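Residue numbers (the working numbering): 187 to 547. For each residue, glycine too, the CB sits at the ideal point set by N, CA and C. What you are looking at is a predicted structure, and each value in this text was computed from that prediction instead of being measured. Accompanying notes for the structure given below.
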DNA sequence: AATCCGGGGTC
DNA sequence: GACCCAGGATT
């Protein structure tokens, strides 16, 4: 029999009082958000995936549209993959939706469309990590599981004065242990959501509103006047830059060549106007390059507005060329010749929506 | 443990 | 620009 190690943290605040203050504040002050209308585990799950690294205000319209398009777990499981991807267009981190649809299919097949209450079963689904497991199980099923995200680490680092670097992966476990000791078993949902709501509304990164804080009297960092030094977070990655030509190839019927990106990697399976890295081909060799790769002769070339697009880890410099040709043909099933109207049905990353808007005029 | 994976907002 | 955001998968 394996010995259970507890690794309990010494917590000196008044835990029952802290729970009450936090939960009472949350019940009073929580925002009226669409995914808080009920406890439907599917809706909670969808909202938690959308909210990963994404602000509430951004998510709201996407959530409404998504639930209206795919109201149930079965609807999402059986939906067309491209249509689902289109519903995520502009949200970013597109692997989230691929993983979610994959996970939802697994729930339909293995668990009879019932989202499992077992943290191990739910947590093993694609795209469901430690945070999402705790969030969905506590909010939808009232289970006392920790849901530690960036908000929770910031809030608890201040209240308990935890100085561990929250950029390090293993630090999350410290906060999970803290939550296990703090969480209300009476109302785990309001407790977890209260911590996150507090982080979003009061205990903000730069200028926390400590004077309005419902748990100010429990906050050790505030008592010591060090709340702004927390949380401790190292990090910073220098980001690379890449420069491309974007080829808007237009044939004599005003159709445009669109191609689908590979199934893996950046912007997987999204559609775009053909891109060529400038390292591959210099500007004066562009015309022969296009003839070789797309089997067409350029007639006129027009420079459109260049686009700078910043990702979290890359910056794209896009030199956009509108090139009129007599005939252009799709060469494989990852390429299509499409009218302006048809392009609107395809999932494009924001960088290429910017290109699309230029040719709309 | 470090890197990849989007996009929008703030200061 | 730097940093932040209801993170997870991959290497």
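Non-local beta-carbon contacts of residue 242 in its own chain, meaning distances under 8 Å to residues more than five positions away in sequence, involve 217, 219, 386 in chain order. Residue burial annotation: residue 379 is buried, with at least 16 other C-beta atoms found within 10 angstroms of its C-beta. For secondary structure counted as the alpha helix (DSSP H) over 4 or more consecutive residues, the stretch 205-247 holds these complete runs in sequence order: 227-236. Residue 493 and residue 425 do not touch by the CB rule: their CB atoms are close to 17 Å apart, not below 8 Å.
The closest CA to that of residue 412, considering only 455, 340, 471, 495, is found on 340. When C-alpha distances from residue 431 are compared across 489, 482, 418, the shortest belongs to 489.
Assigned with DSSP and collapsed to three states, residue 396 falls in helix. Here residue 313 is buried, its C-beta having at least 16 other C-beta atoms within 10 Å. From the listed residues 462, 541, 442, 458, the smallest Cα separation to residue 526 is found for 442.
Annotated three-state conformation of residue 493 is strand, per DSSP.
In the displayed model, residue 466 falls within coil according to three-state DSSP, outside both helix and strand.
Residue pairing by DSSP places residue 431 opposite 462, 505 in a beta bridge. Rounded to whole angstroms, the separation of the alpha carbons of residue 389 and residue 297 is 39 Å.
In this structure, 382 is the residue among 382, 281, 311 with its C-alpha nearest to the C-alpha of residue 212.
Shown here, residue 258 sits in coil according to DSSP, grouped into three states, outside any helix or strand.
Of the residues 456, 509, 253, 288, the one whose Cα lies closest to the Cα of residue 535 is 456. Contact annotation, residue 368 with residue 201: C-beta distance approximately 6 Å; criterion of less than 8 Å satisfied. Here the alpha carbon of residue 474 sits roughly 15 Å from the alpha carbon of residue 461. In this structure the stretch 445-456 lies against the stretch 272-290, because at least three pairs of beta carbons, one per stretch, are closer than 8 Å.
The alpha carbon of residue 423 has as its nearest neighbour, out of 497, 370, 399, 393, the alpha carbon of 497. C-alpha of residue 205 to C-alpha of residue 365: approximately 11 Å in a straight line. Rounded to whole angstroms, the separation of the alpha carbons of residue 520 and residue 362 is 45 Å. Residue range 521-524 is occupied by the beta strand (DSSP E) that includes residue 522. Residue nearest to residue 226 within the set 343, 237, 398, 326 is 326 (criterion: CA-CA distance). Closest option to residue 450, judged by alpha-carbon separation, among 285, 512, 350: 285.
For residue 446, the enclosing beta strand (DSSP E) covers residues 442-446.
By the 16-neighbour rule on beta-carbons within 10 angstroms, residue 353 is exposed. Taken in chain order, the complete alpha helix (DSSP H) segments of 4 residues or longer contained in the stretch 262-335 are 267-273, 281-296, 305-309, 316-327. Your pair residue 228 and residue 198 does not check out as a contact, with CB atoms roughly 40 Å apart and the cut at 8 Å.
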